[in-house]
Structure formats: structure tokens, C-alpha cells
Amino acid sequence: MQSDYQINASNTAVLTDSAHKVLRNTYMLLGLTMIPTVIGAVAGMSMNFAWAAQHPIMFTIGAIAAMMGLFMGIQANRNSALGVVLLLVLTGLMGVMLGPILQLAMHLRNGGQLVTLAAGGTGIIFLTLAGVATTTKKDFSFLGNFLLVGLILLIVASLANMFFQIPALSLAMSGVAVLLFSGFILFDVSRIVQGGETNYVMATLAIYLDIYNLFVNLLQLLMALMGERD
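Going by my numbering, the residue at position 85 of the sequence shown is 88; the numbering climbs one at a time, nothing skipped.
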């Protein structure tokens, strides 16, 4: 008869192997999502977003509605191949939505350098924080409530600033967002390592959104602080 210690050790090993499998599949799918994102971003850079600039609220509502529909579709089909297809469609759409900020960046003399710096910085932050969450195996679930409150406040402030258009507030929100989504990377990777997230499609979606928002806000910060205008 096995001792309680042996049984618990065996269960822990199984959970660890399962977590590693989810993490491996998540990183593989995360890499795949970058393909439609890049394709969408290239397409978005050549699109005319004049209507979106003239009607930012309507554009935002439409974009949110489209994303929410895809979110629900991915959630409902997370255990099938359709969930992966919908995830790739979403990441392509997210890439297109990078069009306006990339167009603004490319109008700067050093815009290409800033985009490269933002992408590189995002990669370094992600690899560092994901490595911390994976190697230390520390449970970062305690960050959940703090991050949720921070996200809600950030959304409210962003909606308010659509009306007030205060540059200093936009800069402050970008700085807060960089810290916030860095925290989400720790939280989401930790959930996989701890066995809290067992579906790699949903895990990929969460981490993709962390990386995407981290890149966008880091680029906005760099443009504001280092952008060279003609």
C-alpha cells in the first residue's frame, strides 16, 4: 500500500507534467498567433483610418463589439480546432487595429527605431517575467484582485480621456498600463504553472492580450518621450 506521501508526490508530478504540457502548447500557439498579427499590422498600415479618427467613440464601440464576439466564440469552442481558428482570426483583427498607432509612429523620423525598440522591450519583459513565474514556481494569484481593479480604473480613465483629450493623462495611463500588463504576464503564466489554467487556447488568449497591450502602451510611451518630429 502506498503511503500518503507517495500518493501526494505522484499527484504533484502528474499536475506538474500537465502544467508543462499546457505551457508548451501555449507558447507554440502564441508563436503562431504572431503570424496573423504581423500580416494584419502590415495591412493596417496601408489602410485609411480617417473615419475612425473622426468618430473615435463609434470606432471603439465597433471594435469592442467585434472582439467580444470573438472572445465568446473562442470561449465556447476552446476545446476544439474552431477555437484555434477563431483565435487566429482575432489576432489578425488585433494586428489590423495596430494600423493607426503604427502609422503615427512611422510619421516620426525615428519611428522605425521606436517600433523596433517597443517590440524588443516587450519581448524582453515577457521572457523575463515568464521565466520568473516558471522557474520560481511562485504563486502570483494574489495579484488577481489588484490587477482587476487596476484594469477597471484604466478602462474608465481611457473612456474619460476620449472626451477630455488630456496629453498628460494619456502619458500617465500608458505608464500605468505597462506596469499593469507586466503584472498580468506574471499572473497568467503563474496560473498555468500552478495548474489554475488547463486549456492552452484560453491561456494563449490571455497571454497574447497581455503582450499586445504591453507593446501598444510601451510604443505610446516611447513616441511621447523619444519621438523625433519633423
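Idealized CB from N, CA, C, for every residue including glycine.
- For residue 147, the uninterrupted alpha helix (DSSP H) run begins and ends at 147-167, by DSSP.
- In the DSSP assignment, residue 213 falls within the alpha helix (DSSP H) that extends over 203-229.
- Burial of residue 100 is indicated by the presence of at least 16 other C-beta atoms within 10 angstroms of its C-beta.
- The C-alpha of residue 90 is placed about 7 Å away from the C-alpha of residue 208.
- Under the three-state reduction of DSSP output, residue 194 falls in the helix class.
- Residue burial is scored here from C-beta neighbours: residue 122 has fewer than 16 other C-beta atoms within 10 angstroms and is therefore classed as exposed.
- Within the segment 43-76, no run of beta strand (DSSP E) reaches 3 residues while sitting entirely inside it.
- Residue 28 is a Cβ neighbour of residue 203, given a cutoff of 8 Å.
- A distance of 8 Å or more separates the beta carbons of residue 105 and residue 50.
- For the pair of segments examined, the segment 57-65 was found not to touch the segment 108-121: the number of CB pairs separated by less than 8 Å stays below three.
- Straight across, the Cα-Cα distance linking residue 66 with residue 97 is about 9 Å.
- Taking a 10 Å sphere around the C-beta of residue 21, we find fewer than 16 other C-beta atoms and assign the residue as exposed.
- In its chain, beyond the 5 residues on either side, 184, 187, 188 and 191 have a beta carbon closer than 7 Å to the beta carbon of residue 213.
- With contacts defined by Cβ atoms closer than 8 Å, residue 231 and residue 111 form a contacting pair.
- Contact between residue 43 and residue 95 holds: their C-beta atoms lie close to 4 Å from each other, under 8 Å.
- With contacts defined by Cβ atoms closer than 8 Å, residue 157 and residue 180 form a contacting pair.
- Straight-line spacing of the CA atoms in residue 46 and residue 102 works out to 8 Å.
- Here DSSP, grouped into helix, strand and coil, assigns residue 110 to coil.
- The beta carbon of residue 221 is closer than 7 Å to those of 121, 124, 125 and 181 in its chain, skipping five residues each way along the sequence.
- Under a 10 Å Cβ-count criterion, residue 93 is classified as buried, with 16 or more other Cβ atoms of the shown protein chains found around its own Cβ.
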